Amino acid sequence: MNAVFLVIFCCYLPTAKTLRVSSQITMFSKNYRPLTQQDSIENLEDSEKLNDAYSIQSTQNSAIKLLSRAVTRWALWMLVTSLVLTNWYTWVKLRSCSPPNAIYTLPAQSSIKYKNIVFNAGIDGDLSPYQGLPNAENNALWEGLDPQHYGVIISVFHQLHCLNNLRKRIFWNETTRGPIAENPDFGMKHMDHCIDSLRQSLMCSSDLTPIPYAWNTKYHQTLPVPATTHTCRDFEAIRDWARAEERRAGEMDVHVRVEDPLGNVEYTAPDSEDV
Ligand SMILES: *[C@@H]1O[C@H](CO)[C@@H](O)[C@H](O)[C@H]1NC(C)=O
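Residue numbering for the sequence shown is -18 to -1, 1 to 257, as defined by mature numbering (1 follows the signal peptide of the UniProt record, and there is no 0).
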């Protein structure tokens, strides 16, 4: 659109100038006859009479010319104005639905693929294998979501780790509580951190997939249908990227301060009131 506008605008500029200049030349040359040495005063008067007769016709001609020039100019201006307005409108619209200028390039950007996934209702018979009381099978599935060997944490894996800890805490009983109760990963402070982290992440990605309502023949009322198709980032593709051997971080001793040649980044947590 911008290209079209530019081309037309660039073509219009010289055209407008040429129109004006060339019409001046035409009008000038029609009224102009060079003087010669033979021209006497009488001849000049004759020629003025001639010119008068000529200029009536020439006035009619130039009136038509002026009119056509005005029409051409008007048409061009309308074209340019409408293009400017269309461009401005497109620009405003695009700006409002584009990401902000500062987009952080993600290390895993190249791993992004999309696929359509029908969500599990997660209730009644439509359960996912991640659900139910924790057992060896679903625990393994949850642990498997996290590739676990990177030097930076990719947010999705952190959010899943948080969700898994919340799950374990919710489902814990006298038996399962014992081994993990003292672990700060399951303390209220960490649970609170996880809930708010998940809240921010959900709001950040703002899944816009509509969940329709339908008549539910089991409950005899209109209820949401959670099993809807979502266009998702392919999680497995991202996990495969993170699991790749070349991204294996190796052992990291978190108690050793490493000098970074690019400059150390340090984080000081603000003072807090513990939950
Ligand atoms: C505690 O929960 C686990 C699974 O989370 C289950 O296998 C076990 O039977 C439960 N124990 C009791 C006493 O409820």
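Cβ coordinates follow ideal geometry from the N, Cα and C atoms, glycine included.
Predicted model only: the values in this text are computed from it and were never measured.
Opposing strand residues paired with residue i [DSSP bridges]
i, result
"HIS212", "ILE99"
"ASN198", "GLN203"
"ASP108", "ILE105"
Euclidean distance between Cα positions of residue i and residue j
i, j, result
"ILE99", "LEU184", "17 angstroms"
"SER110", "PRO243", "47 angstroms"
"THR(-4)", "GLN91", "Residue confidence for THR(-4) is low, a pLDDT of 46 falling below 50, so the modelled location carries little weight; the figure read from the coordinates is stated next. The alpha-carbon atoms of THR(-4) and GLN91 are separated by roughly 48 angstroms."
"MET170", "GLY126", "25 angstroms"
"TYR96", "TRP223", "14 angstroms"
"THR54", "LYS47", "10 angstroms"
"TYR112", "PHE153", "13 angstroms"
"GLU233", "ARG77", "45 angstroms"
"CYS79", "ILE135", "29 angstroms"
"GLN42", "LYS75", "49 angstroms"
"VAL3", "ARG51", "Caution applies to VAL3, whose pLDDT of 44 falls short of 50 and renders its modelled position unreliable; the value that the coordinates give is listed next. Using only the alpha carbons, I get a separation of about 12 angstroms."
"ARG181", "PHE217", "19 angstroms"
"SER187", "LEU58", "46 angstroms"
"ASP253", "PHE168", "21 angstroms"
"GLU228", "GLU164", "36 angstroms"
"TRP56", "TRP73", "25 angstroms"
"PRO166", "ALA226", "30 angstroms"
"CYS176", "ARG149", "11 angstroms"
"GLY245", "ARG239", "12 angstroms"
"TYR249", "GLU241", "15 angstroms"
"MET60", "ALA45", "22 angstroms"
"ARG151", "ALA118", "16 angstroms"
"TYR86", "ASP108", "38 angstroms"
"residue 262", "VAL247", "For the chain, the structure presents residues -18 to 257; residue 262 sits outside this window and is missing."
"ALA84", "ASP189", "22 angstroms"
"GLN141", "ASN69", "42 angstroms"
"ARG159", "LEU123", "20 angstroms"
Reference residue i; option with closest CA among the options
i, options, result
"HIS172", "ILE193, LEU145 and ASN155", "LEU145"
"residue 262", "TYR249, ASN155 and VAL66", "Outside the shown range of the chain, which is -18 to 257, sits residue 262, and nothing can be said about it."
"SER179", "PHE153, HIS143 and GLU241", "HIS143"
"ASN147", "VAL134, THR157 and ILE162", "ILE162"
"PRO208", "CYS176, ARG151 and TYR195", "TYR195"
"VAL236", "GLU164, GLY133, GLY160 and THR54", "GLY133"
"THR210", "TRP59, CYS79 and GLY104", "GLY104"
"ILE193", "CYS186, LYS200, PRO206 and GLY245", "PRO206"
"ARG215", "THR199, LEU190, SER93 and VAL238", "SER93"
"GLU255", "ASP174, THR157 and LYS200", "ASP174"
"TYR201", "ARG149, ASP106, ARG239 and PRO166", "ASP106"
"SER137", "LEU65, VAL62, ARG151 and LEU88", "LEU88"
Cβ-Cβ separation, residue j to residue i (assumed contact under 8 angstroms), whole Å
i, j, result
"HIS212", "PHE101", "6 angstroms"
"ARG221", "PRO129", "6 angstroms"
"HIS131", "ALA231", "6 angstroms"
"TRP197", "THR204", "6 angstroms"
"ASN120", "GLY114", "6 angstroms"
Beta carbon proximity, residue i to chain B, threshold 8 angstroms
i, result
"PHE217", "No chain B is present in this structure, which holds just one protein chain."
* **Exercise answer, beta-carbon shell around ligand 1 heavy atoms below 7 angstroms** => For ligand 1, the selected residues are LEU115, PRO116, ASN117, PHE153, ASN155, GLU156, THR157 and THR158.
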